[in-house]
Each structure stands twice: as C-alpha cells, then as structure tokens.
Ligand code: BGC
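In the numbering used here, the protein residues as written are 113 to 868.
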C-alpha cells in the first residue's frame, strides 16, 4: 500500500512538473510570437508566408537581400544543395534581417536522403510497419544532418489508377494500409520531439484527392462524391494529423471544381474544424498562381486572396503572395487578424523545430554521401521485405549458386533507375545493381553471363519531356542486342531478365496510357523464352504493369519496384533464397489498361458477374477475363502457409463491443518464412452500398517450418463504421462477413450480427 502511495505521489509530482514545464514552454513561445508579430511590418509578415528556392539563381545577391529584407520565410532546397550555401542563407535571415527570424529549409525526402530505400509503393508491399518506420527514421537522420528541417512527405494519396506516374510515391490503393503506414512514418520522421537534432518535420501531401485525377493524367481534374472522398481518400491524412504531422501540403488539383489550394471546405471545415489540426498548411509548388489557370481567380492578387482565405498559409515558389496579399490586406479583403494568425503559425513551426534556439541546428557541417555513413544493412533489409514473388512455377526459384546464370535486360546493370524517382541525394555510384548483387551472391561458385538485350525504350526522345530524364541509350540495333542476349542465354542454365521502366517513367508528370513493358523489352523476353531455358523475370517499375503475356512466358516473376541503394543485393538475396520473399501487393495488377480503375474494395453492383454462372447482362468486360492479373494483398513465398477458418469471439456483437477474430496460421513447407494475414470485412446491407471487401487488420508473422501460431486481430467498433449520406461516420446494425486470408482473393469467411 505504502509503495503504491509513494509511486502515485511520485507520479503526481512528475505530472505536475511536466505540465508546468509544458505550460512554461507554451508561455515562452507565446511571448516570443507576440513580440515578433507586434514588431513586424506588413511586408515582413507576408514574407514569412513565402517559401522560395534556396538555389542561388542568376542573382545570388538579390536572393540574400530579399532574405535580409524579410521577404522570405522558408526555403525549398534541392537535395544536392551544399550546407555552406544554406548556412549563408540562414545567416542572412537569423543574423542580418531586422528581426533575426530564422528560415526553415524543406525538400523532398520520400524514400531516403543519401541511403535510398525502396520507393514508397515498394515499402508498402512489405506490410512491415516497423521496417517502414526504421527507414523513415534513417531518412530523417540523414536529411537533418545536411540541413533539412522539413520533408515534403509522406505522400498519402490513395490511387486506383496506375496510369498516374505518382502512384510510385504513395502506398497504394488501400485506405487502411496507407493510414497505418502514415501512423508509422510520422513519428519516425519527427522523432520524440520536433526540437531534437535529428527530427524532421513531415509535410504530408497532397491534401486532397490528387490520386484520383481523371484518367490518371497528372494534374488533371478530380471529381468524386464527398462521401467517397471522406471515406476512402481522407483517412490517411486524418491518421497523419492524429499522429502529429507538423505540416500539410495542398494538392495541385481541383475537387468538385474548387482547387484544393483554395478549398475552404477541405482546408478549413475538415482540416481545422473537424480534425482540430493546428499545424502549417503549405500550397504546393506554384499552386497559388495556378488558381488563375484553374479559372477561379482573375489575377494574381485574387489568387493569393483565394488561397490564403481558404487556409493556405504559406506559398511555395509563387510571387503572388508577395505582390497580392499586402494589397488585399490594405483593401480589407484579408483581415489583419487572418494575416497575423498565419504568421504566428509559421513562427510556431520554427519555434517547434528549435530554430529560434539554434538556427544552425541542422547545419553542423556533416559530410554528405560518405560511403561509410550510408545505412546499407537497413536499406538491404527494407528492400528484401518489399519484394513480391508473383509466380514460381516448378520452384524455379531460388536459384542454385552453382548454376550458370545469364543476366539480361536494360535494368540488370543499371544503378540509376534502381534508385527510383525522388531519389533525393542518392548517388548511382553508391547503388548496388542486380548484376553486382548477383556477382557477390555467387561468391565465385559459378559464372554470371551478362547482356543488356534491349534499351528501356527504343526512343530516347521519349525521355525528353520527363522530369527525371537521365537515361543511358545503347545505339546498337535492337536485333543485334536481342541476338547477343539469346546467345548468352543459350550458354546458361537459367536466364534472369531484369525488365521494367526507367525511374522517370513513374514520376511526377509521367502518366502513361499503355502499361506494357516499354520498348523492345517484350520482344526480348519472348526471344529468351524461345531458348527454352528456365526464365526468371525480375521487374523494376513504379506501378503495376500489364504483364499478362510476360507472366505466362516467365517461369518465375519477382516484382522488385525500384528497390534503392542496396536493391541489387536484396534481389540477389531473394533469388538465391538467402531471404524468403514475404511482400504482398499494395495495389491490384490489372490485365489490361482498359480495366482501370480496378481495385479490390469495389461495390458489388446490382449485377455482379459470377464466373461460375456466366450471363450477358452482368457488370464486366466481355473481351477479357474480368479479374485482376494479381489481386491486392497477393504475394508468394518459398514455403507454403495455411490459414484456418476464422473463429469469432461472438456471433452477436453489441454496439460498442469489439470483436476478436482468431485464426491459426501454419508453415506447411520446409523453409522458414514470413507472411501477412489479412482480415477483410463486408457489411452486407446498410443505408449505402458497402464494398465487397475492406481491409481492417493485418499481421505480418514469421514461422519456422511446421510451426503454427494463433493470430488474433481485434475489430474495433470503429472498424465497422462507414460514411453515410450526411458525411457522418456511423455503423448500422445487421450482418457482417469477416474474411481472412493471405491475399484479398482467397479468403475464408465467418459472419456475425451487429445488434441494434
Ligand atoms: C510536387 C510536390 C513536391 C513539390 C516540390 C510539386 O510539383 O507536386 O509533391 O513536393 O513539387 O518538389
């Protein structure tokens, strides 16, 4: 009793001391912000709301002068910016400007800064929240060491359209999986406190609806029901806000005709009012001036007003906040109070980042890109976890280390593309290609033969208009290259073909109408198939590709995305069986572009197609097998797992009660391995039609051969809710199906009734 009392008393003292400390910090912050805002001129206030390029540009002195004059609040830096140049900018702000207000520096760190991890879509394929969190932590450490205070990441746009090149930047098609990843990534980036030296503020993007652009065409219109938006597209952002994300970036697109950057419903009603978000809102690059092209503002001044009054507090690379806002304030169209509140927000961001204490906290001169500073082991681990085995006929994989292997393809010895889009400061000469990975994996026990076989695209001009257009082009005729590859293949026991996209093809501004392997790569694969040798297709790409034929021709198919600095070693680990693949698709692979959008959590419709009882007047395409090529959640292993039918803690659930769903998972094979148990639900009947399946829980687990484990997934009452026609989250009584499996297609079902 006595001990308990002492412990309670100690806890009370600790709590009081801490809340006193917290309120001291708040008071200190308020004092500083009040004092600064009270001293600022109109121009200085507007200056705080502007983010400009850190690069010197044609007139470096003018850039420094504009900082000294208080016309810039933050800097957008390229990953390659030198710390000396950033320090010079920070000195101009923190030492030479009238009020000594520091800048903050922001940049795009999506999947690593110097150590490059797999692209986000690849990381999502690991379904491994811990590993994803670790890679974000390392990215934050590396980025803060070279001057960054904020990253424009994570990208939380749900996308059901692989034509959209930016699918590679996000975590796939599923709301639940993306939300859980957001919860892992935000604290990993931001650390226990934003003021820590290696904490990187997250600016989540793009709020909201960008991933649903019409036809997958970048920057195109988004238009969907508010219900769908709130239910399927917003929850990852809500999860990020609840996890404490410091900043939010607006989308460049419009939603129901209103560009996100000037959308008060999104930025004010939802983000601020409903979600109680109290961080910074930044307009995407050029988003304010684009309001004119969108046709919702006549001129720059009005564009600035529209964005600002809707809730965009800081503009990125845009001149109109500078020219337009002061006049709108003078005219009374923007109130002094609105202005001050946005300025306070920017200052609060800098305060939380610790920049008033030490403006150089992230500019301590750490050397960039030294090989010994790279986190290679962690990059290799993350990459192995994100690889997805799509086919393995007759146990073609793993390869024997004693086999003669012919490695072929434009991505086989390619250190540029393996890093993926948004590769920050990742250097190709620090990346391990597949050829290098296989070579060291062979450990001198066999021979590795190599031929490039084809270019990624036979039209080098195709790259000219891509944001990331670095591409090496072999000028030899296609026939010569393919013939060389075939000769090499004939000398081998097994052929490994590394085919896919250039990193710039799955990127911003890189939408495609055709999702086939580009160029002559299909012809190359067909020729390799004709040799009759066992054929392994290693895919490197940033989105689902339509590989129906290729998956027939190849004996084994391994999806490797763009796997980063250690990609080559990680892929070799899987090919040689050093690591048993455990990745599962975070996105549906269609058979044909014409099926898009194709996603697992669709509605049933009044006339669903049933392949067991085919009939004409049903919802389907008659000219194709109307299923995905590979479903969401799919991925094989070198071992076999079995899952029992789900056991429910109750068949009748009272409102507010949680349901425990239990299954037994067993490793039936001869190798240790990991798999992901996935739990889906279906609300059979509600006031609005509910999807045929919705992911509501998962667990990744490792099992030794013959080992079995009980896995219990808890379904909270919230998991049963949906957005009704009044945009409220509700759950309605009635019957639900619970489906459990190792992918979204092959599941076992149990049912329960939610009581009124
Ligand atoms: C993109 C953002 C990115 C910004 C800065 C914009 O074009 O839409 O995602 O963060 O550029 O690079």
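Idealized CB from N, CA, C, for every residue including glycine. Please read these numbers as outputs of a predicted model, since none were measured by experiment.
- Query: Excluding the five sequence neighbours on either side, which residues of its own chain have a C-beta within less than 7 Å of the C-beta of residue 416, listed in chain order?
  - Reply: 400, 432, 433, 436, 437 and 440
- Endpoints, the alpha helix (DSSP H) within which residue 350 is located: 347-354
- Task: Would you mind sorting residue 406 into buried or exposed? The rule is 16 or more other CB atoms within 10 Å of its CB.
- Result: buried
- Item | Same chain, Cβ closer than 8 Å to residue 553, five either side skipped, listed in chain order | 513, 681, 684, 685, 687, 688 and 690
- Task: At 3 residues or longer, and completely inside the segment 714-789: list those beta strand (DSSP E) runs for me, N to C.
- Result: 753-755 and 771-779
- Query: Among residues of its own chain, excluding the 5 on either side of residue 828, which ones have a beta-carbon nearer than 6 Å to its beta-carbon?
  - Reply: 770
- Message: What would DSSP say about residue 288, mapped onto helix, strand or coil?
- Response: Annotated three-state conformation of residue 288 is helix, per DSSP.
- Message: Just to confirm, is the Cβ distance from residue 423 to residue 384 under 8 Å?
- Response: yes
- Query: Taking DSSP as the reference, what is the three-state secondary structure of residue 514?
  - Reply: coil
- Can you tell me whether residue 311 is buried or exposed, with buried defined as 16 or more other CB within 10 angstroms of its CB? buried
- Query: Terminal residues of the continuous alpha helix (DSSP H) containing residue 711?
  - Reply: Note, residue 711: premise wrong, no alpha helix (DSSP H); not H, not E.
- Task: Report the residue from 325, 228 and 149 whose alpha carbon sits nearest the alpha carbon of residue 366.
- Result: 325
- Would residue 283 be called buried (16 or more neighbouring beta carbons within 10 Å of its own) or exposed? buried
- Query: With a Cβ-Cβ cutoff of 8 Å, do residue 658 and residue 627 count as a contact?
  - Reply: yes
- Should residue 729 be labelled buried (16 or more other beta-carbon atoms within 10 Å of its own) or exposed? exposed
- With ligand 1 as the reference, list in chain order each residue whose Cβ lies under 7 Å from any of its heavy atoms. Applying a distance threshold of 7 Å between residue Cβ atoms and the heavy atoms of ligand 1 selects 188, 220, 264, 267, 317, 318, 361, 364, 396, 397, 428 and 620, given in chain order.
- Message: With the cut-off set at 8 Å, would you say residue 647 and residue 640 are in Cβ contact?
- Response: yes
- Under 8 Å between C-beta atoms of residue 611 and residue 546: no
- Query: Exposed or buried, which one is residue 286 when buried takes at least 16 other CB atoms within 10 Å?
  - Reply: buried
- Message: Does residue 850 come out as helix, strand or coil in the three-state DSSP assignment?
- Response: Here residue 850 sits in strand by DSSP.
- Message: Considering Cα atoms alone, identify which of 589, 560 and 555 is closest to residue 570.
- Response: 589
- Task: Tell me the start and end of each unbroken beta strand (DSSP E) in the segment 575-625 that is at least 3 residues and wholly inside, in chain order.
- Result: 606-612
- Query: Going by the beta-carbon positions, is the gap between residue 474 and residue 260 smaller than 8 Å?
  - Reply: yes
- Determine, using beta carbons only, whether residue 262 and residue 318 come nearer to each other than 8 Å. Result no, Cβ atoms of residue 262 and residue 318 do not sit closer than 8 Å.
- Between residue 215 and residue 272, what straight-line distance do the alpha-carbon atoms span, to the nearest angstrom? 38 Å
- Query: Do residue 161 and residue 204 have their C-beta atoms within less than 8 Å of each other?
  - Reply: no
- Is residue 629 helix, strand or coil by DSSP? coil
- Message: Please tell me whether residue 559 and residue 516 are closer than 8 Å, where the distance is taken between their beta carbons.
- Response: yes
- Message: DSSP has residue 826 in a bridge; who is on the other side?
- Response: 772
- Task: Report the partner residues of residue 792 according to the DSSP bridge assignment.
- Result: 807 and 851, per the DSSP bridge assignment.
- Task: Please name the residue or residues paired with residue 361 in a DSSP beta bridge.
- Result: 394
- Those residues which DSSP pairs with residue 186 across a bridge: Paired residue(s): 163 and 216.
- Taking the Cβ atom as the reference point for each residue, do residue 796 and residue 721 lie within a distance shorter than 8 Å? no
- Query: To which residues of the same chain is residue 620 closer than 7 Å at the C-beta, ignoring the five residues directly before and after it?
  - Reply: 277, 278, 330 and 579
- Item | Per-residue DSSP class, three states only, for residue 560 | strand
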